[in-house]
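As they're listed, the protein sequences go chains A and S.
Those letters in the first sequence? Residues 1 to 333, by UniProt numbering.
Those letters in the second sequence? Residues 1 to 333, by UniProt numbering.
Quick notes on the structure that follows.
2 protein chains.
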Amino acid sequence: MVTIKDIAKVAGVSHTTVSRALNGNPLIKKETRDKIEKIAAELNYIPNFNAKSLVMKKSYTIGLFFSSIDQGTSASFLVDVIKGINHALDENYSLTVHGIDSIKHLDSISPQRFDGILVMSQSDADNEFIYHVKRAGIPLVVLNRHLEDPGIMNVVSDDKGGVREAIDYAIAQGHRRLAMIEGRAGFKSSTERKQGFLDSLLAHSLASSSDYFAAGDYSIESGHQMMNRLLALPVPPTLVFCANDDMAIGAMNACYATGVAIPGHVSLIGFDDIVFAKYTNPALTTIRRPIADISELGTEKLIELMQDPQIPPEQSLVKTTLMIRQTVAKLEV
Amino acid sequence: MVTIKDIAKVAGVSHTTVSRALNGNPLIKKETRDKIEKIAAELNYIPNFNAKSLVMKKSYTIGLFFSSIDQGTSASFLVDVIKGINHALDENYSLTVHGIDSIKHLDSISPQRFDGILVMSQSDADNEFIYHVKRAGIPLVVLNRHLEDPGIMNVVSDDKGGVREAIDYAIAQGHRRLAMIEGRAGFKSSTERKQGFLDSLLAHSLASSSDYFAAGDYSIESGHQMMNRLLALPVPPTLVFCANDDMAIGAMNACYATGVAIPGHVSLIGFDDIVFAKYTNPALTTIRRPIADISELGTEKLIELMQDPQIPPEQSLVKTTLMIRQTVAKLEV
DNA sequence: AATTAGAATGAAATCGTTAAAACAAATTTC
DNA sequence: GAAATTTGTTTTAACGATTTCATTCTAATT
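What follows is the structure, given as structure tokens:
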């Protein structure tokens, strides 16, 4: 491995000069700098990031933490997140991926190891981790889950508003008996989406029976089961809002199995707009959550924060989009 | 930040002794070791990995490289891979994720940066990268794509065998006119899967018309288009094998759109067994590719290789499983 | 010619760790 | 009981970079 000392020897200068030249220090004569840069290129010099890190007390890595990698993290999700981040991230930072639930010692999460941390949070249970990071003084951005704490940089999608818009649309299409299959208990997203649903009902003065709220857990399987339960009600709903697309797919499947027509018999709205939403039969009407955008924006915020830790934290809301496809019927009122 | 020197001062020994004690060096008296360990714990000592890396010439990171993060990497895929790796990986290694297509300077991929590299390869185009890594002397395992080079550790699924088994099954069910929607040109997996298909036909002395081979590219969209083309043939096939599930879903969609019954009118077999395969209507018969297993096995191999670079490279084949569901009709011959 | 300011470079210290070599004390060997 | 060995520890030197402080060189000013 070639080091700055090797370059120094060839160039006939001290390694200090080489270091300065290569780092754009203005004290170096242009002539000298050019010569050194040329030699460095010829010798195929690669800076040793460990040495750099040691003296600069920077790690050149930023950590991406999911609530859990093993479970609950839906597939398309992870890709979008990594995509979004890699887009915004400078080349000499590297991105490491972790599951919060598999961290054994919180102590190992230190400023020395991470220049910045992105938390793709899906549950309240992440708070312990989040506050550890904050206490440790590591620049931090929490994505995806709304935090109450105004002291933490937070980027989320406007789930409540998105659902509100979708249900408004459903009501405008003539639906009056609306049910919901809820997300996993304890996840902030579950309550946000439910709130949007309730808000819309309230605004239109529609009653809601507790029978119409089924407890899913974001899994395809739970969507299937809960849909069966809703269909079996004495007065079944005309529209079911599923708190994510996975459950909507499970729900559609339950309908096929029992010969219930979509949207003829019952209408369906999902949430997320996963890749497959477009290709279900009929194509799923759903709320697009801009995960890649959230991640990209979050990464930009993190970079700002790393450059100047004094920046006041803020909450950014990223807008969702209602993707109108074919699973909501227009009813004659 | 507390360092070994701080510990040394408190314990009244030299920092070297502390280093040795903390690293399980047998030269240290048990009594001394215990004392040092206790103090380290009390002082909340966190080893500085950069300093360690610098002197040990190890980076404590292993790199996971995808052909591309932006495109072509199917979603479920990425999760399974990371899941598999995190399972097998020691806690003080960290995993960084990259897209091969977004590397600007191959030079930055050096032994100094990576203790080991896993390549989740999907295309021949990765070869340049792979050989760079090999030349650089970084322990390397290539996953997912079969390599000809016996000098490189390689873990792949037995795609050809898996397809062969599936088509044998289809033929046993009475199918005689079998078509295939192929994967993306240039991907090894495409040719492997086609070969399995052809092998089975040959073994059963079935003719294959070139009309029956449609050129897909692994996208849902291409599955849709190619299925339409196959259905429009004067003598359409009774069964279509799609080289992945995404295309099978596109194909199903095309059938719905044109009122073609599955499996009544045409049968379908996919490949991958993605999460949604089970929930299509009807449920998709497909070949399960054990991505998580491949990744886990690959990681284990990589760890072995990192410990002893002399280990002779080998090819590991991981078996696929035929998931028989509802998209293949039994025909009366 | 002597003085001096400023530009350009170099020497040496530093970051936190491991490791080779040196040393001291305790134990064994003859 | 002196020499040789073992055991436990310290001293010193790396690793490859940045940075502080000192020094040299150049050119302008007196």
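Backbone N, C-alpha and C fix where the C-beta goes; we use that ideal spot for every residue, glycine too.
Own chain, CB closer than 6 Å to residue i, minus 5 neighbours either side, in chain order
i: residue 141 of chain A; result: 118, 153, 298, 301, 302
i: residue 19 of chain S; result: 4
i: residue 164 of chain S; result: 196, 199, 200
i: residue 233 of chain A; result: 211
Closer than 8 Å to chain S by CB, residue i
i: residue 113 of chain A; result: yes
i: residue 250 of chain A; result: yes
i: residue 276 of chain A; result: yes
i: residue 101 of chain A; result: no
i: residue 49 of chain A; result: yes
i: residue 323 of chain A; result: no
i: residue 54 of chain A; result: yes
i: residue 67 of chain A; result: no
Closest by C-alpha distance to residue i, when choosing among the options
i: residue 276 of chain A; options: S:257, S:245, S:20; result: S:245
i: residue 285 of chain A; options: A:5, A:262, A:123; result: A:262
i: residue 10 of chain S; options: S:25, S:23, S:41, S:28; result: S:41
i: residue 202 of chain S; options: S:256, S:171, S:89, S:331; result: S:171
i: residue 155 of chain S; options: S:293, S:310, S:328, S:7; result: S:293
i: residue 1 of chain A; options: A:49, A:54, A:37; result: A:49
i: residue 334 of chain S; options: S:93, S:169, S:88, S:83; result: Given that chain S is displayed from residue 1 to residue 333, the structure contains no residue 334 of chain S and the question cannot be resolved.
i: residue 7 of chain A; options: A:26, A:32, A:185, A:264; result: A:32
i: residue 330 of chain S; options: S:217, S:115, S:228, S:268; result: S:268
i: residue 318 of chain S; options: S:95, S:248, S:144, S:180; result: S:144
i: residue 278 of chain A; options: S:221, S:282, S:296, S:147; result: S:221
i: residue 148 of chain A; options: A:168, A:314, A:104; result: A:314
i: residue 106 of chain S; options: A:61, A:45, A:185, A:52; result: A:45
Chain A contact for residue i (CB, 8 Å cutoff)
i: residue 217 of chain S; result: no
i: residue 97 of chain S; result: yes
i: residue 228 of chain S; result: no
i: residue 5 of chain S; result: no
i: residue 244 of chain S; result: no
i: residue 37 of chain S; result: no
i: residue 134 of chain S; result: no
i: residue 123 of chain S; result: no
i: residue 144 of chain S; result: no
i: residue 79 of chain S; result: yes
i: residue 23 of chain S; result: no
i: residue 222 of chain S; result: no
i: residue 1 of chain S; result: yes
Three-way DSSP call (helix, strand, coil) for residue i in this model
i: residue 215 of chain A; result: strand
i: residue 182 of chain S; result: strand
i: residue 153 of chain A; result: strand
i: residue 12 of chain A; result: coil
i: residue 175 of chain S; result: coil
i: residue 307 of chain S; result: helix
i: residue 327 of chain A; result: coil
i: residue 102 of chain S; result: helix
i: residue 240 of chain S; result: strand
i: residue 208 of chain A; result: coil
i: residue 19 of chain S; result: helix
i: residue 109 of chain S; result: coil
i: residue 89 of chain S; result: coil
Limits of the unbroken beta strand (DSSP E) element including residue i
i: residue 321 of chain A; result: 321–323
i: residue 288 of chain A; result: 285–288
i: residue 120 of chain A; result: 116–120
i: residue 264 of chain A; result: It is not in any beta strand (DSSP E) - residue 264 of chain A carries neither H nor E in the DSSP assignment.
i: residue 61 of chain S; result: 61–66
i: residue 141 of chain S; result: 140–143
i: residue 276 of chain S; result: Per DSSP, residue 276 of chain S belongs to no beta strand (DSSP E) and is neither H nor E.
Residue span of the alpha helix (DSSP H) that contains residue i, given as start and end
i: residue 201 of chain S; result: 188–203
i: residue 317 of chain A; result: Per DSSP, residue 317 of chain A belongs to no alpha helix (DSSP H); it is in the beta strand (DSSP E), 315–318.
i: residue 129 of chain A; result: 127–135
i: residue 55 of chain A; result: 49–56
i: residue 233 of chain S; result: Here residue 233 of chain S belongs to no alpha helix (DSSP H), and DSSP marks it neither H nor E.
i: residue 1 of chain A; result: That residue, residue 1 of chain A, is in no alpha helix (DSSP H); it is neither H nor E in DSSP.
Heavy atom of the ligand NAP within 7 Å of residue i beta-carbon
i: residue 307 of chain S; result: No copy of the ligand NAP occurs in the structure displayed, which carries no ligand at all.
Spatial neighbours of residue i in its chain, beta-carbon cut-off 8 Å, leaving aside the 5 residues before and after
i: residue 67 of chain A; result: 73, 99, 100, 101, 120, 121, 122, 123, 125, 126
Chain-order list of residues whose beta-carbon lies under 7 Å from that of residue i (same chain, five-residue window excluded)
i: residue 138 of chain S; result: 111, 114, 116, 117
i: residue 175 of chain S; result: 238, 239, 267, 331
i: residue 260 of chain S; result: 231, 266
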